[in-house]
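First comes the structure, then the notes that go with it.
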Amino acid sequence: MRIITPINDNWLFLHRECELPAAMPDLSDPDASIVSLPHSWNAVDGHDGHLADVNNPGRDWSQGDLSGEVVEPYDRGAYWYFRTFTAPKQPLPGGRTYIEVLAAGQQAELYVNGVLLTTHKGGYSSFRADATGVLKENENLLAIHVSNRHRSDVYPQHADFTFYGGLYRGVNIISVPAAHFDLDHFGGPGVMVTPRVAEGAVISHTTGADGVIESTADAEFEVNSYIVGLPNPKFERISVNYSLISLYDEEEVWNVSRPVEAPAVTVPLPDAHLWSPDTPYLYRFTASLIWNNEVLDEVYLDLGVRSFSCTATDGFTLNGLPTPLRGVSRHQDRLYKGNALSEDDHWDDALIIKELGANSIRLAHYQHSQVFYEACDELGFVVWAEIPFITIMNEDPAAHDNCVSQMTELIIQNYHHPSICFWGLSNEVLLAGKLNDTLVENHKKLNALVKSLDSTRLTTMAHVAFTPLDSPLHRISDTEGYNNYFGWYYGTIEDNAPWMDKFHEDNPDIPLALSEYGCEGLINVHTDTPAAKDYSEEYQAIYHEYMARAFAERPWIWGSYVWNMFDFGAAARNEGGIAGRNNKGLMTMDRLTKKDSYYIYQAWWTKAPMVHICGRRYSVRPAGQTEIRVYSNQPEVTLCVNGESQTLKADKVFIFQADLTAGMNTLIARAGGKTDVVVLEGK
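Numbering of the sequence shown is given in our numbering, commencing with residue 240 and proceeding in unit increments.
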């Protein structure tokens with residue numbers, strides 16, 4: 240039976256560049272320390288700004304060419320992790336022992352007992368190494384050499400986020416019998432299941448008392464397994480069994496067996512509950528390898544059935560219903576943790592986004608943790624997943640091979656997640672590079688690769704704003720997005736809607752998303768006259784007021800993704816007096832403060848009554864008449880200022896004129912049974 244043993248404690252970390260030591264160092268070495276996983280050696284210096292270039296205030300849109308050498312102001316090196324372990328005892332002859340690394344940023348070499356077992360290029364996907372042949376009976380030494388140095392053959396090359404180094408997702412020992420589901424198949428589960436609405440099936444919709452639409456349809460599950468280590472030439476007494484349990488009512492809905500020499504099968508499921516953001520129904524799939532009345536190996540996957548499409552005129556359609564995707568982008572780092580996040584951290588992020596009311600997340604700009612994809616499955620987010628082919632294409636042919644490798648791992652490792660509907664090919668590849676035939680051809684090859692691995696999902700890419708409308712990069716992927724920052728890096732807020740309309744008019748065949756948009760907002764910067772580049776919380780709120788309404792009026796925009804849900808590490812930045820970070824988040828990097836801009840989206844995207852008074856951190860302001868903005872999803876808001884009430888009817892944004900007296904003023908907003916209270920001091 241498969242046994243997975245996490246080994247995340249008692250690692251010795253050697254923070255020194257050197258060759259593999261002859262023996263594990265001890266704590267007498269000044270560069271050695273004991274750490275637990277997840278761990279990153281630049282969890283702090285990757286965003287604390289202590290070395291940020293004061294002459295580098297973020298990206299420069301004036302030239303569109305940043306291809307010069309970039310020196311990131313944080314620790315980019317190659318260091319060692321060591322741990323001893325006892326080899327698991329194999330109850331049956333021929334069993335195998337694997338080391339599984341859930342992520343190592345950005346490249347890794349894995350040694351057991353001094354023998355190099357594997358190398359891995361790419362900091363965001365899982366990889367495994369079969370250690371069976373080098374194991375000793377008792378103590379074994381595992382050494383992992385991890386590097387976040389720049390390499391010409393590994394993406395990302397350059398990007399506006401920190402490339403954290405370390406073993407930041409954990410390590411497992413996996414013990415399996417000789418016959419098992421393949422652990423060498425690109426880090427995947429060894430099983431691929433394709434749930435789909437059956438051809439010709441009619442999708443039925445039922446609206447509940449709460450207004451939630453539940454959808455059902457006849458479905459089918461196409462199953463295939465990759466099984467290795469079988470006896471040869473006969474497959475005597477070994478079979479593979481598949482079962483499916485509805486997590487909706489915890490009942491088994493089918494159970495089938497297949498001979499191991501022909502494990503593929505398609506199984507129907509009448510009246511399947513369909514997955515959607517409002518009804519994220521899941522089915523627990525189990526694949527079991529059975530021999531002589533015992534289970535040799537077993538794999539579990541949570542699956543969902545859904546039908547989706549995307550067109551330039553209708554936008555995104557899910558289960559036959561128009562479903563404009565309105566959401567956020569997310570980076571995987573936190574304050575003083577870097578990207579060494581716990582499972583609880585990942586779930587907290589997902590729950591915060593759910594509270595916002597988003598129905599979609601763009602997981603930028605790389606493969607995220609399995610924990611987060613699972614959260615998206617369970618909570619109901621449509622996901623755009625992508626690889627770090629970003630900012631610039633390296634001419635080194637090995638760099639394209641790395642794109643192929645990272646894309647293959649992304650798809651094979653995450654094929655089963657119902658939340659994922661889009662595979663992203665690239666992001667802003669013209670920002671620091673030039674358009675050429677190789678760049679276009681590489682995109683075509685990547686798109687073809689995705690379709691060969693997964694014909695069920697859509698491909699997409701995110702264009703930098705100045706990508707020409709006649710660029711040959713258009714119409715390669717099924718859908719497209721633009722990263723537009725009108726009202727921040729260039730132009731005005733009011734340029735956004737006309738640009739979308741013009742693109743739609745000129746390209747009636749391209750399904751369009753706004754894959755990034757946003758502006759910086761600092762919670763300690765306030766003004767009565769907000770303007771672009773003032774970094775005030777007030778300007779960020781006004782910016783997003785406009786954008787949220789613009790998207791609500793354009794359902795043909797298939798997806799819109801705020802950049803970003805959370806402030807994140809961008810070590811070379813120095814903007815608004817805060818170095819080392821990108822502060823465009825709707826929430827601070829420590830996840831402790833929701834900016835006013837968070838609540839305008841909550842007003843647009845949630846159904847439960849809410850009300851929020853803006854400007855609470857502008858707590859000391861001139862006495863006299865002042866503007867008070869209130870966000871609510873209710874049609875009417877009452878604001879009481881020092882006992883004097885006024886009521887307004889509006890749509891999402893309620894703008895009151897209030898008289899503040901010298902001293903302390905109490906403001907109370909009421910809407911739909913909800914109340915918000917703010918105290919402001921007039922000077």
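Beta carbons: idealized from backbone N, C-alpha and C, even for Gly.
Discussion item. Can you tell me where the alpha helix (DSSP H) holding Asn686 begins and where it ends?
Written reply: Translated into the one-based positions of the sequence shown, residue 686 becomes position 447. It spans 676–692 - the alpha helix (DSSP H) in which Asn686 sits, taken as one unbroken run.
Practice prompt. Measure the alpha-carbon distance for Ala579 versus Lys684 and round it to whole angstroms.
Written response: Within the sequence shown, the letter at position 340 stands for residue 579. Within the sequence shown, the letter at position 445 stands for residue 684. When rounded, the distance between both Cα atoms is 33 angstroms.
Discussion item. Let me check understanding here. Comparing Cα to Cα, which of Ala589, Ser386, Ile631 lies closest to His682?
Written reply: Locating residue 682 in the sequence shown gives position 443, counting from the first residue. Ranking Ala589, Ser386, Ile631 by CA distance to the CA of His682 puts Ile631 first.
Discussion item. Can you tell me whether Ile273 is buried or exposed? The criterion is at least 16 other CB atoms within 10 Å of its CB, across all chains shown.
Written reply: As a position in the sequence shown, residue 273 is number 34, starting the count at 1. Taking every protein chain shown into account, the CB of Ile273 has fewer than 16 other CB atoms within 10 angstroms, so this residue is exposed.
Discussion item. Just to confirm the assignment, what range does the beta strand (DSSP E) spanning Lys833 have?
Written reply: Position 594 of the sequence shown, counted from the start, is the residue given in the question as residue 833. Segment: none, Lys833 is in no beta strand (DSSP E) and carries neither H nor E.
Discussion item. Is the beta carbon of Ile413 closer than 8 angstroms to that of Arg241?
Written reply: Here residue 241 corresponds to residue number 2 of the sequence shown, with the count starting at 1. Here residue 413 corresponds to residue number 174 of the sequence shown, with the count starting at 1. Yes, these two residues count as a Cβ contact at 8 angstroms.
Discussion item. Beta-carbon within less than 6 angstroms of Ala910's beta-carbon, same chain only, minus the 5 sequence neighbours each way: which residues are those?
Written reply: Locating residue 910 in the sequence shown gives position 671, where the first residue counts as 1. Cβ contact annotation for Ala910 (same chain, cutoff 6 angstroms, sequence separation greater than five): Val850, Ser871, Gln873, Val876, in chain order.
Item to complete: Could you check if Leu753 is buried or exposed, using at least 16 other CB atoms within 10 Å of its CB as the buried criterion?
Response: Locating residue 753 in the sequence shown gives position 514, counting from the first residue. By the neighbour-count rule (16 or more Cβ atoms within 10 Å), Leu753 is buried.
Worksheet item: Within this structure, are the beta carbons of Ser464 and Ala456 separated by less than 8 angstroms?
Response: What you label residue 464 is simply residue 225 of the sequence shown in a count that begins at 1. What you label residue 456 is simply residue 217 of the sequence shown in a count that begins at 1. Taking 8 angstroms as the Cβ cut-off, Ser464 and Ala456 do not qualify as a contacting pair.
Fill in: Start and end residues, alpha helix (DSSP H) containing Arg788
As a first step, residue 788 is located in the sequence shown; it is residue number 549 there, counting from the start. Segment 776–791, the alpha helix (DSSP H) holding Arg788.
Discussion item. Counting C-beta neighbours from all protein chains within 10 Å, is the total for Leu831 16 or more, i.e. buried, or is it exposed?
Written reply: Within the sequence shown, residue 831 is the residue found at index 592, counting from 1. So Leu831 counts as exposed.
Worksheet item: Under 8 angstroms between the Cβ atoms of Lys913 and Pro848?
Response: Position 674 of the sequence shown, counted from the start, is the residue given in the question as residue 913. Position 609 of the sequence shown, counted from the start, is the residue given in the question as residue 848. With respect to the 8 angstroms criterion, Lys913 and Pro848 are classified as neighbours on the basis of their beta carbons.
Fill in: Continuous alpha helix (DSSP H) stretch holding Asp584: start and end
If you number the sequence shown from 1, residue 584 lands on position 345. In the DSSP assignment, Asp584 falls within the alpha helix (DSSP H) that extends over 582–595.
Worksheet item: Under a three-way DSSP split, which group does Cys642 fall into?
Response: Within the sequence shown, the letter at position 403 stands for residue 642. In this structure, Cys642 counts as helix in the three-state DSSP scheme.
Discussion item. In this structure, how does DSSP classify Arg298 when only helix, strand and coil are distinguished?
Written reply: Along the sequence shown, one-based indexing puts residue 298 at 59. Note that Arg298 scores 36 on pLDDT, short of 50, meaning its location in the model is unreliable; the coordinates nonetheless yield the value given after this. Arg298 falls in the coil class under three-state DSSP.
Discussion item. Going by DSSP, what residue range makes up the alpha helix (DSSP H) through Trp802?
Written reply: For the purposes of this step, residue 802 is identified with residue 563 of the sequence shown, where counting begins at 1. Careful: Trp802 lies outside any alpha helix (DSSP H) and carries neither H nor E.
Fill in: Candidates His278, Asp584, Gly566: closest to Gly757 by CA position
As a position in the sequence shown, residue 757 is number 518, starting the count at 1. Comparing Cα positions, the closest option is Gly566.
Practice prompt. Using 10 angstroms around the beta-carbon of Gln864, count the other beta-carbons present and answer buried if the total reaches 16, otherwise exposed.
Written response: Walking along the sequence shown from the start, residue 864 turns up at place 625. Exposed: under 16 other Cβ atoms inside 10 Å.
Practice prompt. Would you check if the distance between the CB atom of Arg868 and the CB atom of Ile894 is smaller than 8 angstroms?
Written response: Indexing the sequence shown from 1 puts residue 868 at position 629. Indexing the sequence shown from 1 puts residue 894 at position 655. Yes, these two residues count as a Cβ contact at 8 angstroms.
Fill in: Proximity of Gly404 and Ala818 at Cβ, strictly below 8 angstroms
By 1-based counting over the sequence shown, the position of residue 404 is 165. By 1-based counting over the sequence shown, the position of residue 818 is 579. With contacts defined by Cβ atoms closer than 8 angstroms, Gly404 and Ala818 do not form a contacting pair.
Practice prompt. To the nearest angstrom, report how far apart Asp399 and Ala809 are at their CA atoms.
Written response: Taking the first residue of the sequence shown as 1, we reach residue 399 at position 160. Taking the first residue of the sequence shown as 1, we reach residue 809 at position 570. Taking the straight line from one Cα to the other gives about 6 angstroms.
Item to complete: Would you mind reading off the limits of the beta strand (DSSP E) that contains Pro874?
Response: Residue 874 sits at position 635 when you count from the first residue of the sequence shown. Per DSSP, Pro874 belongs to no beta strand (DSSP E) and is neither H nor E.
Practice prompt. Taking Ile828 and Phe805 to be in contact with their CB atoms under 8 angstroms, please state how far apart those CB atoms are, rounded to whole angstroms.
Written response: Numbered from its first residue, the sequence shown carries residue 828 at position 589. Numbered from its first residue, the sequence shown carries residue 805 at position 566. According to the sequence provided, residue 828 is Met. The question's Ile does not apply to it. Cβ-Cβ separation between Met828 and Phe805: approximately 6 angstroms, consistent with a contact (criterion under 8 angstroms).
Fill in: Buried/exposed call for Ser364, threshold 16 Cβ in 10 Å
Within the sequence shown, residue 364 is the residue found at index 125, counting from 1. Residue environment: Ser364 is assigned as buried (16 or more neighbouring CB atoms within 10 Å of its CB, all protein chains considered).
Practice prompt. Taking Trp797 as part of the beta strand (DSSP E), name the residues at either end of that continuous run.
Written response: Translated into positions along the sequence shown, residue 797 becomes position 558. Premise fails: Trp797 is in no beta strand (DSSP E) and is neither H nor E.
Discussion item. Is there a C-beta anywhere in chain C that falls below 8 angstroms from the one on Ala736?
Written reply: Protein chains in the displayed structure number just one, and chain C is not present.
Practice prompt. Would you tell me roughly how many angstroms separate the C-alpha atoms of Asn763 and Asn813, rounded to the nearest one?
Written response: Walking along the sequence shown from the start, residue 763 turns up at place 524. Walking along the sequence shown from the start, residue 813 turns up at place 574. If I take the Cα positions, the gap works out to 16 angstroms.
Item to complete: Leaving out five residues on either side along the sequence, give the residues of the same chain with a beta carbon under 7 angstroms from the beta carbon of Gly297.
Response: In the sequence shown, residue 297 corresponds to position 58, counting from 1. Residue placement at Gly297 cannot be trusted, given a pLDDT of 40 that sits under 50; the coordinates are not used to answer.
Item to complete: Output the residue ranges of the alpha helix (DSSP H) runs that lie fully inside the segment 495–521 and measure 4 residues or longer, sorted by chain position.
Response: When DSSP assignments are scanned along the segment 495–521, no uninterrupted stretch of alpha helix (DSSP H) that is 4 or more residues long falls wholly within it.
Worksheet item: Can the beta-carbon of Val393 be found less than 8 angstroms from the beta-carbon of Gly429?
Response: On the sequence shown, position 154 is the one that residue 393 refers to. On the sequence shown, position 190 is the one that residue 429 refers to. For Val393 and Gly429, no; Cβs fall outside 8 angstroms.
Worksheet item: Anyone know if the C-beta pair for Pro277 and Tyr481 falls short of 8 angstroms?
Response: Here residue 277 refers to the residue found at position 38 of the sequence shown. Here residue 481 refers to the residue found at position 242 of the sequence shown. No. Outside cutoff.
Item to complete: Quick one: residues in its chain with C-beta nearer than 8 angstroms to the C-beta of Tyr778, no 5 flanking neighbours on either side, listed in chain order?
Response: For this step, residue 778 is matched to residue 539 along the sequence shown. Result list for Tyr778: Cys758, Gly760, Thr766, Pro769, Ala770, Ala771, in chain order.
Worksheet item: Okay, do the segment 546–555 and the segment 791–798 touch, 3+ Cβ pairs below 8 angstroms being the bar?
Response: Of all C-beta pairs linking the segment 546–555 to the segment 791–798, three or more are shorter than 8 angstroms, placing the two stretches in contact.
Worksheet item: If you compare alpha carbons, which of Val354, Leu331, Ala418, His389 is closest to Tyr313?
Response: Mapped onto the sequence shown, residue 313 falls at position 74. Comparing Cα positions, the closest option is His389.
Worksheet item: Who are the near neighbours of Ala440 in its chain, counting only those whose CB is closer than 8 angstroms to its CB and skipping five residues on each side?
Response: Translated into the one-based positions of the sequence shown, residue 440 becomes position 201. So the qualifying residues of the chain are Ala456, Asp457, Ala458.
Discussion item. For Asp449, count the other beta carbons within 10 Å of its own beta carbon; 16 or more makes it buried, fewer makes it exposed. Which is it?
Written reply: Here residue 449 refers to the residue found at position 210 when the sequence shown is read from its first residue. That one is exposed.
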